[in-house]
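Residue numbering for the sequence shown follows UniProt numbering, beginning at 1 and increasing consecutively.
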Amino acid sequence: MLAVFSGILLQVMVPMLLIVGLGAWLHRLFRFDMSTLSKLNMYVLLPAVAFINVYDSELNGKVLAAIVGFLLLQNGGLMVLSMVTAKLLKLERSLSAVFQNTIVLNNSGNFGIPVSQLVFHQQPLGAAIQIIVTIFQNFLTNTYGVYQFVSGNGKKGKWAAEIWKNPVLHALLLGVICRWLHLPIPSFLWTPLQRVADAFLAIALFTLGAQIAYARFTALPLLVYASVLGRLVLSPLLAASLIFLLGIDGVTAQALLIASSYPCSRNTALYALEYDCHPDYAAQAVLVSTLLSAITVTGVVYAARLLFPIGG
Numbered sequence: 001m002l003a004v005f006s007g008i009l010l011q012v013m014v015p016m017l018l019i020v021g022l023g024a025w026l027h028r029l030f031r032f033d034m035s036t037l038s039k040l041n042m043y044v045l046l047p048a049v050a051f052i053n054v055y056d057s058e059l060n061g062k063v064l065a066a067i068v069g070f071l072l073l074q075n076g077g078l079m080v081l082s083m084v085t086a087k088l089l090k091l092e093r094s095l096s097a098v099f100q101n102t103i104v105l106n107n108s109g110n111f112g113i114p115v116s117q118l119v120f121h122q123q124p125l126g127a128a129i130q131i132i133v134t135i136f137q138n139f140l141t142n143t144y145g146v147y148q149f150v151s152g153n154g155k156k157g158k159w160a161a162e163i164w165k166n167p168v169l170h171a172l173l174l175g176v177i178c179r180w181l182h183l184p185i186p187s188f189l190w191t192p193l194q195r196v197a198d199a200f201l202a203i204a205l206f207t208l209g210a211q212i213a214y215a216r217f218t219a220l221p222l223l224v225y226a227s228v229l230g231r232l233v234l235s236p237l238l239a240a241s242l243i244f245l246l247g248i249d250g251v252t253a254q255a256l257l258i259a260s261s262y263p264c265s266r267n268t269a270l271y272a273l274e275y276d277c278h279p280d281y282a283a284q285a286v287l288v289s290t291l292l293s294a295i296t297v298t299g300v301v302y303a304a305r306l307l308f309p310i311g312g
């Protein structure tokens, strides 16, 4: 268990936080144009990552159907839970939109994939399941997530047009079509795509650092803690209940439970900045949940191995 904890801490958390810290420090020195950083992430880097994730994935029909069924139930439950909580807290629409996205959307890509590769290095199925979860989260982020931000920004009547204008959704659909038709991507296109996608993690974390450069973490709003509780605690509890209910076991059960425990998606902070929906709160929720996830995700990994032993 100590090896898993130290592995997550040293191989995932420390490198991420170093880049976030660098972004915060440099923003304080040079005052970057946050709008430019937002556009770079939204219109260049995210579409490249989305396309490559879909195009490169191996999708098995039977396993995929079971996983997608679970993900629909789990994320539907989180949507209802976050919506009811937002109403009970009487949050105004834009704040409610960000709050709901911090609970429903998680960092399944640049956090989840390295963790799954570390945990399932002897069970390739576990890492493959995480790729499917990442693709699902990409679609969810750029449909449900964008709808929340658009409606929270006062453009609810135009949400379909706003979602359709989102270049990430186009990249995802193009990736599905190219994958389905087995269309080869020529190297003169694939190479720059990979280079752009490789830059995404660093620039996204750098942008997050710039967003929180002037945040005051000595007095975090209570809503940040509610977001962190929902994402890191309630989400895996709901996932475990559904896994038992659906009779899923073994590596698949472990992978799905662990995938439900990842911190708030950094894309929540990027979209909050792009749509001007409480970007400081979104960035705080992402950073705090990422810091605490070193402990909570390790606990979920341990619980997954106890609850769903291989061959059980």
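For each residue, glycine too, the CB sits at the ideal point set by N, CA and C. Computed from a predicted structure; not experimentally measured.
Rounded to the nearest angstrom, what separates residue i and residue j at their Cα positions?
{"i": "Val251", "j": "Pro167", "result": "34 Å"}
{"i": "Ile243", "j": "Asp276", "result": "37 Å"}
{"i": "Ser293", "j": "Leu18", "result": "16 Å"}
{"i": "Gly69", "j": "Phe200", "result": "29 Å"}
{"i": "Lys90", "j": "Thr290", "result": "26 Å"}
{"i": "Leu220", "j": "Leu307", "result": "35 Å"}
{"i": "Cys178", "j": "Arg28", "result": "43 Å"}
{"i": "Ile132", "j": "Gly126", "result": "10 Å"}
{"i": "Trp190", "j": "Leu223", "result": "42 Å"}
{"i": "Asp249", "j": "Arg305", "result": "11 Å"}
{"i": "Arg31", "j": "Ala215", "result": "14 Å"}
{"i": "Leu88", "j": "Val80", "result": "12 Å"}
{"i": "Val14", "j": "Ile295", "result": "13 Å"}
{"i": "Val20", "j": "Phe120", "result": "27 Å"}
{"i": "Lys39", "j": "Leu2", "result": "40 Å"}
{"i": "Val300", "j": "Phe188", "result": "42 Å"}
{"i": "Ala282", "j": "Asn106", "result": "12 Å"}
{"i": "Val233", "j": "Thr85", "result": "15 Å"}
{"i": "Asn110", "j": "Ile258", "result": "14 Å"}
{"i": "Lys165", "j": "Leu237", "result": "35 Å"}
{"i": "Ala202", "j": "Met16", "result": "8 Å"}
{"i": "Gly76", "j": "Val104", "result": "9 Å"}
{"i": "Pro184", "j": "Asp56", "result": "11 Å"}
{"i": "Ser116", "j": "Pro186", "result": "30 Å"}
Does the beta-carbon distance from residue i to residue j come in below 8 Å?
{"i": "Asn267", "j": "Thr134", "result": "no"}
{"i": "Leu193", "j": "Phe51", "result": "yes"}
{"i": "Leu208", "j": "Val286", "result": "yes"}
{"i": "Val54", "j": "Gly175", "result": "yes"}
{"i": "Ser235", "j": "Leu71", "result": "no"}
{"i": "Leu256", "j": "Ile113", "result": "no"}
{"i": "Ala204", "j": "Pro47", "result": "no"}
{"i": "Ala253", "j": "Gln74", "result": "no"}
{"i": "Leu270", "j": "Met34", "result": "no"}
{"i": "Ser94", "j": "His278", "result": "yes"}
I need the boundaries of the alpha helix (DSSP H) containing residue i, first residue and last residue.
{"i": "Ser293", "result": "Pro279 to Leu307"}
{"i": "Met16", "result": "Val14 to Phe30"}
{"i": "Tyr262", "result": "That residue, Tyr262, is in no alpha helix (DSSP H); it is neither H nor E in DSSP."}
{"i": "Pro221", "result": "Careful: Pro221 lies outside any alpha helix (DSSP H) and carries neither H nor E."}
{"i": "Gln100", "result": "Arg93 to Val104"}
{"i": "Arg179", "result": "Pro167 to Trp180"}
{"i": "Met34", "result": "Met34 to Leu40"}
{"i": "Ser57", "result": "From DSSP, Ser57 is part of no alpha helix (DSSP H); its letter is neither H nor E."}
{"i": "Phe149", "result": "Val146 to Gly152"}
{"i": "Asp249", "result": "Where Asp249 is concerned, there is no enclosing alpha helix (DSSP H), given that its DSSP letter is neither H nor E."}
{"i": "Asp276", "result": "Element bounds for Asp276: n/a, residue is neither H nor E."}
{"i": "Phe200", "result": "Ser187 to Gln211"}
{"i": "Ile131", "result": "Pro124 to Leu140"}
{"i": "Gly109", "result": "Element bounds for Gly109: n/a, residue is neither H nor E."}
Using a Cβ-Cβ cutoff of less than 7 Å, which residues in the same chain neighbour residue i once the five nearest sequence positions on both sides are dropped?
{"i": "Leu22", "result": "Phe206 and Gly209"}
{"i": "Ala24", "result": "Gly209, Ala210, Ile212 and Ala213"}
{"i": "Met83", "result": "Gln100"}
{"i": "Gln148", "result": "Ala97, Gln100 and Asn101"}
{"i": "Leu64", "result": "Ile132"}
Report all residues from its chain with a CB closer than 6 Å to the CB of residue i; omit the five preceding and five following residues, and keep chain order.
{"i": "Thr102", "result": "Ser227, Cys264, Thr268 and Ala285"}
{"i": "Val297", "result": "Ser261"}
{"i": "Gln137", "result": "Ser108"}
{"i": "Pro309", "result": "none"}
{"i": "Glu92", "result": "none"}
{"i": "Leu37", "result": "Thr207"}
{"i": "Val49", "result": "Ala197 and Phe200"}
{"i": "Asp280", "result": "Ala215"}
Which residues in the same chain have their Cβ closer than 8 Å to the Cβ of residue i, if we skip the five residues on either side of it in sequence?
{"i": "Leu118", "result": "Val4, Gly7, Ile8, Gln11 and Val12"}
{"i": "Gly312", "result": "Note that Gly312 scores 47 on pLDDT, short of 50, meaning its location in the model is unreliable and no value can be drawn from it."}
Can we count residue i as close to the ligand MG, meaning its CB is less than 7 Å from some heavy atom?
{"i": "Leu91", "result": "The model depicted lacks the ligand MG and carries no ligand whatsoever."}
request  = Could you tell me whether the stretch 93 to 110 touches the stretch 34 to 47, where touching means 3 or more Cβ pairs closer than 8 Å?
outcome  = no
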